[in-house]
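Enquirer: Numbering (this note's numbering), first residue to last: 371 to 780.
Even glycine gets a Cβ: it sits at the ideal position worked out from N, Cα and C.
Keep in mind that this is a model prediction, so the values were computed, not measured.
Pasting a structure here, questions to come.
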């Protein structure tokens with residue numbers, strides 16, 4: 371493995387779990403979160419464990435030398451010639467959404483004997499429409515995120531508190547953790563990611579949606595960026611299509627809720643924002659109004675918002691949300707009467723209630739954070755994650771944990 375490259379062990383394990391199975395492995399996630407690196411690491415693993423180089427076909431469609439393969443028929447003929455008769459052929463197609471009608475190629479290859487197929491994409495839309503129809507029941511999605519704090523700290527090799535300050539400010543993109551960094555270089559790198567996601571990925575998505583009746587084209591990039599900035603400014607707060615529409619109308623923009631819905635959908639499909647539904651703790655059911663939105667990387671958030679003092683609690687909440695996703699939890703926002711619990715997480719039918727707060731040093735703050743958890747009348751685990759080192763402990767069954775300790779857990 372190249373120097374400065376961290377092994378994304380959890381994701382490698384997920385790929386290995388499905389090795390040689392007759393299902394297509396689809397790795398999705400925002401650009402530059404490490405999908406291409408993951409495929410390279412997996413190929414290195416195969417070579418170390420008895421697979422020959424001729425059994426591996428790997429194409430990254432962002433590389434110019436493969437431009438002629440953006441035609442799906444050319445791609446299919448290219449692939450067919452390189453299959454290994456009588457042996458497993460491992461096929462890696464990186465950023466496959468660039469190939470129009472790629473699902474035809476993937477579908478045809480997947481039904482051939484001795485093929486093990488791995489594809490990546492930077493837009494969730496690739497898993498809807500034709501792909502879902504063609505491959506129904508024959509693919510698994512592995513959702514990839516940028517670096518966890520534990521991975522980031524492992525790369526930076528500096529004290530945890532110092533690493534965490536960086537992590538909150540410059541974010542979790544893998545290259546930023548390894549680069550010879552200055553503030554200007556970090557900002558330029560983040561601008562490149564943001565521009566690519568907002569402009570190029572939205573265009574790729576648009577090409578695939580053009581055939582769908584009733585779908586509006588994402589043509590106003592200024593509007594798209596305005597919505598992105600607004601959503602970034604309200605992470606951790608309830609938000610709806612109507613509330614975004616009202617904000618824009620009050621700012622002098624004439625725009626319809628349907629247009630706002632399409633633009634918000636584009637931002638979530640490009641993995642910039644992740645919506646979280648609210649969960650009625652008493653009724654044990656999902657509520658359909660006022661979701662929360664979290665941004666995939668705090669470095670991108672710092673890049674697109676005006677420089678000012680952000681709310682530490684909401685940034686911390688954002689980090690905790692994505693760590694919960696990494697750990698395989700289904701995450702909701704809890705509502706218990708008039709009280710709110712930051713996260714209700716579920717795995718294998720077991721619930722856990724989690725509050726996130728910058729500190730609990732003041733008695734009033736301590737009581738405010740404890741109250742929603744104390745009001746829950748079941749026996750599932752209740753946790754408060756905090757940045758302060760003085761309040762951790764067990765308070766009548768409610769665990770208060772120093773958040774950096776929790777983030778560093780394996």
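Starting from the Cα of residue 718, find the closest Cα among 443, 704, 709, 697 and give me that residue.
Expert: Closest option to residue 718, Cα to Cα, is 697.
Enquirer: Give the range of the alpha helix (DSSP H) segment to which residue 413 is assigned.
Expert: 405-418
Enquirer: DSSP on residue 377, reduced to helix/strand/coil?
Expert: coil
Enquirer: So, at 8 Å on beta carbons, what are the nonlocal neighbours of residue 373 in its own chain, with the 5 sequence-adjacent residues on each side left out?
Expert: Any reading at residue 373 must be qualified, since the residue scores a pLDDT of 49, below 50, and its modelled position is unreliable; no value is offered.
Enquirer: Only counting the same chain, and skipping five residues up and downstream in sequence, which positions put a Cβ closer than 8 Å to that of residue 415?
Expert: The answer, listed in chain order, is 382, 386.
Enquirer: When the Cα atoms are used, what is the spatial distance from residue 389 to residue 734?
Expert: 53 Å
Enquirer: Quick one: is residue 708 buried, meaning 16 or more other Cβ sit within 10 Å of its Cβ, or exposed?
Expert: exposed
Enquirer: Compare the Cα-Cα distances from residue 637 to each of 750, 746, 597 and report the closest residue.
Expert: 597
Enquirer: Residues in the same chain with beta-carbon distance under 7 Å from residue 612, minus the five sequence neighbours each way, listed in chain order, please.
Expert: Only 627 meet the Cβ criterion.
Enquirer: Evaluate residue 760 with the Cβ neighbour count: other Cβ atoms within 10 Å of its Cβ, from every protein chain shown; 16 or more gives buried, anything less gives exposed.
Expert: exposed
Enquirer: Evaluate contact between the stretch 663-672 and the stretch 641-651, counting only Cβ atoms and requiring at least three cross-stretch pairs below 8 Å.
Expert: yes
Enquirer: Going straight from the alpha carbon of residue 557 to that of residue 671, what length do you get?
Expert: It is roughly 11 Å from the alpha-carbon of residue 557 to the alpha-carbon of residue 671.
Enquirer: Comparing the CB of residue 480 with every heavy atom of the ligand GTP, is any distance shorter than 7 Å?
Expert: By its list of ligands, the structure shown contains no ligand whatsoever, and the ligand GTP lies outside what it can speak to.
Enquirer: Out of 446, 510, 590, which has the shortest C-alpha to C-alpha gap to residue 625?
Expert: 590
Enquirer: Residue 701 and residue 694: beta carbons closer than 8 Å?
Expert: The answer is yes: Cβ separation under 8 Å.
Enquirer: Measuring CA to CA, which of 533, 650, 587, 408 is closest to residue 629?
Expert: 587
Enquirer: Please return the same chain residues whose Cβ sits closer than 6 Å to the Cβ of residue 397, not counting the five positions on each side in sequence.
Expert: 405, 490, 512, 514
Enquirer: Beta-carbon separation of residue 770 and residue 726 under 8 Å?
Expert: no
Enquirer: Please name the residue or residues paired with residue 716 in a DSSP beta bridge.
Expert: According to DSSP, which records beta bridges pairwise, residue 716 is partnered with 700, 721.
Enquirer: Do three or more CB pairs link the stretch 515-535 to the stretch 409-423 at distances below 8 Å?
Expert: no
Enquirer: Please classify residue 557: does DSSP put it in a helix, a strand, or coil?
Expert: DSSP, read as helix, strand or coil, puts residue 557 in helix.
Enquirer: For residue 376, I'd like the list of residues in its chain whose CB is within less than 6 Å of its CB, leaving aside the five on either flank, ordered along the chain.
Expert: Exclusion of the five residues before and after residue 376 leaves 521, 525 as the residues of its chain whose Cβ lies within less than 6 Å of its Cβ.
Enquirer: Check residue 660 in the structure and name its three-state DSSP category.
Expert: It is a strand residue.
Enquirer: Which one or two residues does DSSP pair with residue 726 in a beta bridge?
Expert: 755
Enquirer: Can you give the Cα-Cα distance for residue 688 and residue 740, rounded to whole angstroms?
Expert: 20 Å
Enquirer: Which same chain residues end up closer than 8 Å to residue 684 when comparing Cβ atoms and leaving out the 5 residues on each side of it in sequence?
Expert: 605, 606, 607
Enquirer: Determine the contact status of residue 676 and residue 710, defining contact as a CB-CB distance below 8 Å.
Expert: no
Enquirer: Going straight from the alpha carbon of residue 778 to that of residue 485, what length do you get?
Expert: 38 Å
Enquirer: Restricting to Cα atoms, I'd like to know which of 450, 654, 473 is closest to residue 505.
Expert: 473
Enquirer: Please name the residue, chosen from 427, 395, 401, that lies closest to residue 567 on a Cα-to-Cα basis.
Expert: 401
Enquirer: Between which two residues does the alpha helix (DSSP H) containing residue 394 stretch?
Expert: Taken as a continuous stretch (DSSP letters only), residue 394 belongs to no alpha helix (DSSP H), being part of the beta strand (DSSP E) at 394-398.
Enquirer: Using 8 Å as the Cβ pair cut-off and three pairs as the minimum, do the stretch 457-477 and the stretch 426-434 touch?
Expert: yes
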